[in-house]
Amino acid sequence: MIRNEPAVAVVPQEPPPERVRRQVPGAVLSGGVLLLVLAAWQAVVRVFDVPEVLVPAPTEVLASLVAGLADGSLVEHSWVTLQEILVGFGIAVLAALLCAFLVTQSRVLDKALFPLIVMTQTIPKVAMAPLLVVWFGTELTSKVLTTALIAFFPLLINAILGLRSADPDQIDMLRSFGATRMDVLRRLQIPSALPHIFAGLDVAVVLSVTGAIVAEFVGATAGLGYVIQATNFTLDVSRTFAVLVILSAIGLALHAIVVVCNRKIVFWSAEHRTPTEQA
Amino acid sequence: MDEAPRAGTTGTAVAPADLAVELRHVHKRYTPRRSRRAPSQVVDALHDVSLSVARGEFVSIVGPSGCGKSTLLKVLSGLTPRTAGEVDFGGGTRLGTVFQQPLLLPWRTVTQNLLISHDINRRLAEHEARERAGAMLTMLGLGEFADRYPGELSGGMQQRVGIGRALMHDPEILLMDEPFGALDAMTRDQMGMDLLKIWERDRKTVLFVTHSIPESVLLSDRVVVMTPRPGRIADIIDVDLPRPRGLENINTPEFGAIVRRIRVLLNSENSAH
Ligand SMILES: Nc1ncnc2c1ncn2[C@@H]1O[C@H](COP(=O)(O)OP(=O)(O)O)[C@@H](O)[C@H]1O
Ligand SMILES: [Mg+2]
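Order-wise, the sequence lines are chains L and S.
Each residue of the first sequence is one higher than the one before, starting from 1136 at the first, in the working numbering.
Each residue of the second sequence is one higher than the one before, starting from 798 at the first, in the working numbering.
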């Protein structure tokens, strides 16, 4: 199938009249739903006069957010948490790719490590956060390590699966031209792994946000997780919600970066490969 | 030297100078790694296979599924080691393989896919290789698809690229494992004719596996008929139809006679097991 061919050509008869209707873009739809929910929330809080220390109205959250950003306190804490997320995520990516490479290239390492990796999957990694704080203190290090630990495993598993996902017939094809193991790795296994690696990155990037916040809960003097705990203590619930807004913004932004990179780098899988039976 | 000397059915009659490849008493046994305890898992895929192919000859291999056709090609190309016997390449060992699936790399453009053997071997200068790829695409009728990705091509076009990729390697022997098996009948006939044209132009040695008897007769100088369990050569049939051949040959009585002969051979061998 040539890409620009109209999809109608495949349908033999029955012109589908309903399908022709213009579709509302998904972003507009979900944006609308979000606005509706916020409006309903605002109305409920106002109508039933819910106290601010229980559930603040969206407008109060917004006011707190703007105030916090204006006086720089939320900006500072966000920066602390963002650093933890990015450094921890970066370490997780490098470590996971390196381990995946070793496990897939060496039969001995594979046999020795893969069962252990699968077993450690079952340990809740957040449970390690208090230990890491004891070992590494309440500064950046313990947060970065908790974040890295949580993001590491989904990345590792996906990278291993990805590096193993190369079609054996494709490997034969390359070998028939005299490809060495290095050629096969570089020209086939790594590109074949990329879609899986990006799936892992997407999971891991969201988990890194969780990791940083959990680590800050356990023991911190700065960061958005610290702010959540502090404002909980002082019953400044509007500020707690404001932090949640910032956290979802960070999560969304990181997710969006992964999605865009995925689309740019793994362009071929977005293209929906044509089945080969078709002549 | 238009007529390559024909090998006899014993496969030993080719003069050494004209030999493309000779197999002598080749055996191949698959022994799955995991099941030493279950000897029934052992498969004798090739049993005492002897065959010699002259340079420039077009030889087809037919036989029921599982009789070892793919194994025979893999033993030749070294993708799988043989258990016993000898393989002797007279004309050179550069082989090009065409598989049943096009096996194009979806992240490479059509041109880049053709250049994969160049990227691995670097036998030519970059510009020479690119020129060759361009000429190849023109010959395959895919000139305007040079910079497209495989996902944008039909199955037939993709398989053309697969054939071109093997030819880019400038092989002494072209190994083709049911290359048109995944295509519809009309595309298949067309591709067969195109392949004949290419072959008549550069007279590469071709070993062509197919499950279509008419296709094997139409294309080949000789047809190797194989039988399964254990995979061995039942007979080798000479196809002495004049060349150049075309699809109209299929309706001639001579053609029908050879097809029938092979079919009878396959049926008798099948019912004997
Ligand atoms: N890698 C393998 N391991 C074990 N058995 C195999 C392997 N490849 C092929 N076989 C077996 O060898 C026999 C011949 O296979 P193959 O050469 O693929 O046959 P064909 O191409 O004629 O259909 C079959 O019985 C098949 O199951
Ligand atoms: Mg086969």
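For glycine and all other residues, C-beta sits at the position ideal for the given N, C-alpha and C.
Just the chain L side, please: which residues come within less than 9 Å of residue i by C-beta, in chain order?
i, result
"S/I917", "L1309, F1312, G1313, A1314, T1315, D1318, R1322"
"S/L876", "D1307, R1310, S1311"
"S/I913", "M1308, L1309, F1312, A1314, R1322"
"S/G1043", "Those do not exist, as S/G1043 stays about 21 Å from chain L at its closest Cβ, beyond 9 Å."
Along chain S, in chain order, which residues have C-beta atoms closer than 8 Å to that of residue i?
i, result
"L/D1304", "F896, Q898, L900"
Going by CA-CA distance only, name the one from the options that's closest to residue i.
i, options, result
"S/I970", "S/R1026, S/I960, S/M936, S/V859", "S/I960"
"S/Q898", "S/L921, S/P1039, S/G978", "S/G978"
"L/A1357", "L/F1312, L/S1241, L/A1202, L/E1211", "L/E1211"
"S/V850", "S/V1036, S/R1019, S/R1060, S/T908", "S/R1019"
"S/R852", "S/L912, S/F886, S/S862", "S/F886"
"L/V1344", "L/V1243, L/V1222, L/S1300, L/V1395", "L/V1222"
"L/K1106", "L/K1260, L/V1338, L/L1237, L/A1388", "No information on residue 1106 of chain L is available, as it lies outside the stretch 1136 to 1414 that chain L covers here."
"L/S1199", "L/H1390, L/V1372, L/Q1364", "L/V1372"
"S/D1032", "S/D815, S/R1000, S/L848, S/L873", "S/L848"
"L/A1231", "L/L1217, L/I1292, L/T1255", "L/I1292"
"L/A1347", "L/N1397, L/P1303, L/T1276", "L/T1276"
"S/N910", "S/R919, S/L892, S/A930, S/R826", "S/A930"
"L/L1320", "L/V1340, L/D1206, L/L1298, L/I1363", "L/L1298"
"L/L1384", "L/L1359, L/F1333, L/L1233, L/F1236", "The sequence given here has Ala at residue 1384 of chain L, not Leu. The candidate whose alpha carbon is nearest that of L/A1384 is L/L1359."
"L/L1389", "L/A1247, L/F1333, L/V1188, L/Y1361", "L/F1333"
"L/G1349", "L/L1169, L/A1286, L/D1304, L/I1306", "It is worth fixing the name first, because residue 1349 of chain L is Val in this sequence and not Gly. Taking only the C-alpha atoms, the option nearest L/V1349 is L/A1286."
"S/I1047", "S/V859, S/I1010, S/M1023", "S/I1010"
"L/V1340", "L/V1393, L/T1315, L/R1310", "L/V1393"
"S/V958", "S/T1024, S/P947, S/L820", "S/P947"
"S/L1044", "S/D981, S/D1037, S/I995, S/R985", "S/R985"
Hey, residue i and residue j are a contact pair by Cβ (cut 8 Å); roughly how many whole angstroms apart?
i, j, result
"S/T906", "S/R945", "6 Å"
"L/L1267", "L/G1335", "Not really, about 22 Å apart at Cβ, beyond 8 Å."
"L/F1271", "L/L1280", "6 Å"
"S/V884", "S/V823", "7 Å"
"S/G888", "S/A817", "5 Å"
"S/R1029", "S/D845", "6 Å"
"S/L1015", "S/G989", "6 Å"
"S/S857", "S/S1017", "4 Å"
"S/M933", "S/M965", "6 Å"
"L/A1227", "L/A1283", "4 Å"
"S/L939", "L/M1308", "Rounded, the Cβ-Cβ distance is 19 Å, inconsistent with contact."
"S/E997", "S/P1041", "6 Å"
"L/P1193", "L/W1214", "Not really, about 25 Å apart at Cβ, beyond 8 Å."
Any heavy atom of ligand 1 closer than 7 Å to the CB of residue i?
i, result
"S/Y946", "no"
"L/Y1361", "no"
"L/A1286", "no"
"S/G1053", "no"
"L/V1243", "no"
"S/P1027", "no"
"S/A842", "yes"
"S/S862", "yes"
"S/V968", "Going by the sequence as given, residue 968 of chain S is Pro instead of Val. S/P968: no, Cβ never under 7 Å from ligand 1."
"S/P758", "Any property of residue 758 of chain S remains undetermined from this structure, which presents chain S solely from 798 to 1070."
Taking 7 Å as the cut-off, is the C-beta of residue i nearer than that to any heavy atom in ligand 2?
i, result
"S/D974", "yes"
"S/S867", "yes"
Which chain L residues sit within Cβ distance under 7 Å of residue i?
i, result
"S/H966", "F1312"
"S/Y827", "The contacting residues do not exist; S/Y827 stays about 15 Å from chain L at best."
Below 8 Å on C-beta distance, what does residue i contact in chain L?
i, result
"S/G865", "None at all; the shortest Cβ gap to chain L is about 16 Å."
"S/L892", "S1311"
"S/G989", "Neighbours of S/G989 on chain L: none; closest Cβ ~14 Å, over 8 Å."
Does the beta carbon of residue i come closer than 8 Å to any beta carbon on chain A?
i, result
"S/G948", "This model lacks chain A altogether; the protein chains it does include are L and S."
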